[in-house]
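Report on one structure; see the data block that follows.
There are 2 protein chains.
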Amino acid sequence: MSKLLQDTVGELSKLPGIGRRTALRLAMHILKMEQQSVLDMTSSIERFRTQIRHCSQCNNLSDEEICPICADATRDRSTICVVEQVADLMSIENTHQYRGLYHVLGGVISPMQGIAPSDLKIDLLTEKIERGGIREVILAISTSVEGETTLFYIMNRLRGFTDLKVTTIARGIGFGDELEYVDELTITHALMNRREIE
Amino acid sequence: MSKLLQDTVGELSKLPGIGRRTALRLAMHILKMEQQSVLDMTSSIERFRTQIRHCSQCNNLSDEEICPICADATRDRSTICVVEQVADLMSIENTHQYRGLYHVLGGVISPMQGIAPSDLKIDLLTEKIERGGIREVILAISTSVEGETTLFYIMNRLRGFTDLKVTTIARGIGFGDELEYVDELTITHALMNRREIE
Numbered sequence: 001m002s003k004l005l006q007d008t009v010g011e012l013s014k015l016p017g018i019g020r021r022t023a024l025r026l027a028m029h030i031l032k033m034e035q036q037s038v039l040d041m042t043s044s045i046e047r048f049r050t051q052i053r054h055c056s057q058c059n060n061l062s063d064e065e066i067c068p069i070c071a072d073a074t075r076d077r078s079t080i081c082v083v084e085q086v087a088d089l090m091s092i093e094n095t096h097q098y099r100g101l102y103h104v105l106g107g108v109i110s111p112m113q114g115i116a117p118s119d120l121k122i123d124l125l126t127e128k129i130e131r132g133g134i135r136e137v138i139l140a141i142s143t144s145v146e147g148e149t150t151l152f153y154i155m156n157r158l159r160g161f162t163d164l165k166v167t168t169i170a171r172g173i174g175f176g177d178e179l180e181y182v183d184e185l186t187i188t189h190a191l192m193n194r195r196e197i198e
Numbered sequence: 001m002s003k004l005l006q007d008t009v010g011e012l013s014k015l016p017g018i019g020r021r022t023a024l025r026l027a028m029h030i031l032k033m034e035q036q037s038v039l040d041m042t043s044s045i046e047r048f049r050t051q052i053r054h055c056s057q058c059n060n061l062s063d064e065e066i067c068p069i070c071a072d073a074t075r076d077r078s079t080i081c082v083v084e085q086v087a088d089l090m091s092i093e094n095t096h097q098y099r100g101l102y103h104v105l106g107g108v109i110s111p112m113q114g115i116a117p118s119d120l121k122i123d124l125l126t127e128k129i130e131r132g133g134i135r136e137v138i139l140a141i142s143t144s145v146e147g148e149t150t151l152f153y154i155m156n157r158l159r160g161f162t163d164l165k166v167t168t169i170a171r172g173i174g175f176g177d178e179l180e181y182v183d184e185l186t187i188t189h190a191l192m193n194r195r196e197i198e
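Listed in order, the protein sequences are those of chains A and B. One point on numbering: in this note's numbering, the residue at position 20 of the first sequence is 20, and numbering is uninterrupted. One point on numbering: in this note's numbering, the residue at position 133 of the second sequence is 133, and numbering is uninterrupted.
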């Protein structure tokens, strides 16, 4: 087998969810692409990896020192939504319903994976709150064991701030979910937090 | 959203089987990779796309003018196995059972996709046979409509060569396949070509 092909298949199959067969299929596709399109792709990956930064205020991925959301003067600067990762921030942004700021932790506390609270950007969050002007912190963290641990850790850290409202996003049955297939914990939560129809 | 991230997600999602969500997941993985590993990956893709050649004898992908298989003096030079694409050649090589040469067509005849016989490397095959020394041509082409069309076209082109044995690979039930789920045409072929147990 060609060494050039072998190298490319080897490199591509290091990516998550891409086995050797898929890598080979991708390589064959790359071969059919215009040479310039391939160079555009590789150079955008290189620029992304070497030039991307973390926003100094919220830890979001950013091209500049401050991300477009933190730099946006029209956003509500009194509310911070805390998320695990940038993908979560993007999911919330896609709803176009939230106009506050974000704070990206960069993971969740996980003793199994050796992620301690100090590995997350929690100090950056408390420093921001200390500077004042924040009225509400929304904890939009996943309901995994690690997520819950992180949630309680952050709630404890925020206990000292009087007049700060700390909320979590609602747990319940998702739209389109069939009750039959929803897990018991979610149903229990959904029942406990039932609302009267107005 | 960061433009660097947006560009990378956009470029990655142009690849087959990779949607925006997968592209985002890959981008996040790339961010966690060592910078040097990312540059190794992109440069191997670039080298592959810009430097790879087609073997002048069999149209296989090759780093040199002649591919390692055609250059291998220990292989049986009287047998040529004709395949659609490089991936098929690799599947056969992986069995370690075939010691002859190959010929890679680079596709199958497909009027729908505008692929005419002249777009395939069929002349290169007949020229090789004309030079003499070939005893058998094995047509290992898929059983799709396009594959069968290509098979018959090549069989016709080879009709003029007397003393040349032209064969196709056996059709039948694959090992591990459950009869219940095998299509009728395959079962029909498998029944017609049944063998006496020795």
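Backbone N, C-alpha and C define an ideal beta-carbon position, used for all residues, glycine too. Predicted, not measured: the structure shown is a model, and the values here were computed from it.
Please return the same chain residues whose Cβ sits closer than 6 Å to the Cβ of residue i, not counting the five positions on each side in sequence.
i	result
B:Lys128	none
B:Thr150	Val108, Ile109 and Ile141
A:His103	Cys58, Ile80, Val82 and Leu125
B:Thr167	Ile138
A:Ile169	Ala140
A:Asp177	none
B:Gln113	none
Taking Cβ positions, are residue i and residue j nearer each other than 8 Å?
i	j	result
A:Arg135	A:Thr79	yes
A:Leu15	B:His29	yes
B:Thr143	B:Arg171	yes
A:Leu31	B:Ala87	no
A:Ser62	A:His54	yes
B:Ala27	B:Leu39	no
A:Thr22	B:Gly17	yes
In chain order, what residues of the same chain have a beta carbon less than 8 Å from the beta carbon of residue i, not counting five sequence neighbours either side?
i	result
A:Tyr153	Ile109, Pro117 and Ile122
B:Ile173	Leu179, Val182, Thr186, Ile187 and Ala190
B:Gln51	Asp63
B:Met155	Leu139 and Val166
A:Asn193	Ala170, Arg171 and Gly172
Out of the options, state which residue places its alpha-carbon closest to the alpha-carbon of residue i.
i	options	result
B:Cys67	A:Thr22, A:Ser2, A:Glu34 and A:Thr167	A:Ser2
A:Glu46	B:Ser37, B:Ile115, B:Asp76 and B:Gly147	B:Ser37
B:Lys165	B:Cys81, B:Gln85 and B:Cys55	B:Cys81
A:Met41	B:Leu120, B:Gln113 and B:Leu5	B:Leu5
B:Cys58	B:Val137, B:Glu34, B:Lys32 and B:Phe175	B:Val137
A:Phe48	B:Thr50, B:Gln51, B:Gln35 and B:Asn60	B:Gln35
B:Asp72	B:Met90, B:Leu101 and B:Leu89	B:Leu101
A:Arg77	A:Leu120, A:Arg131 and A:Ile92	A:Arg131
A:Glu146	A:Asp163, A:Leu120 and A:Thr162	A:Leu120
A:Glu93	A:Ile69, A:Phe175 and A:Ile18	A:Ile69
B:Asp163	B:Gly133, B:Gln113, B:Gly114 and B:Gly10	B:Gly133
B:Gln97	B:Met192, B:Arg75 and B:Asp7	B:Arg75
Return the chain-ordered list of same chain residues with a C-beta closer than 7 Å to the C-beta of residue i, the five sequence neighbours on each side being excluded.
i	result
A:Val211	It is not possible to answer for residue 211 of chain A, since the shown part of chain A is limited to 1 through 198.
B:Ser56	Glu65 and Ile66
A:Leu89	Asn60, Val83, Tyr102 and Val104
B:Arg203	Outside the shown range of chain B (1 to 198) lies residue 203 of chain B, about which nothing can therefore be said.
B:Phe161	Ile129
B:Ser91	none
Cβ-based contacts, 8 Å cut-off: residues of the region 23 to 46 of chain A near chain B: So the close ones are Leu24, Arg25, Leu26, Ala27, Met28, His29, Ile30, Leu31, Met33, Gln35, Ser37, Val38, Leu39, Asp40, Met41, Thr42, Ser43, Ser44, Ile45 and Glu46.
Members of the region 107 to 138 of chain A near chain B, C-beta cut-off 7 Å: Answer in chain order: no residues at all.
Chain A contacts from the region 71 to 101 of chain B (Cβ-Cβ distance under 8 Å): Listed in sequence order: Gln85, Val86, Ala87, Met90 and Glu93.
Where the region 10 to 21 of chain B meets chain A: residues whose CB sits under 9 Å from a CB there: Residues passing the 9 Å Cβ filter: Gly10, Glu11, Leu12, Lys14, Leu15, Pro16, Gly17, Ile18 and Arg21.
Whole runs of the alpha helix (DSSP H) within the region 161 to 193 of chain B, excluding any shorter than 4 residues: 184 to 192, all fully within the region 161 to 193 of chain B.
Residues of the region 139 to 167 of chain B whose Cβ lies closer than 8 Å to any Cβ of chain A, in chain order: Cβ contacts with chain A: none found.
Whole alpha helix (DSSP H) elements within the region 87 to 140 of chain B, 4-residue minimum: Fully enclosed alpha helix (DSSP H) runs of 4 or longer: 122 to 130.
Cβ-based contacts, 7 Å cut-off: residues of the region 48 to 65 of chain B near chain A: Listed in chain order, the positions of the region 48 to 65 of chain B with a beta carbon within less than 7 Å of a beta carbon of chain A are Phe48, Arg49, Thr50, Gln51, Ile52, Leu61, Ser62 and Asp63.
Every unbroken alpha helix (DSSP H) within the region 30 to 87 of chain A, with a cutoff of 4 residues, ordered by chain: Correct list: 35 to 51 and 68 to 71.
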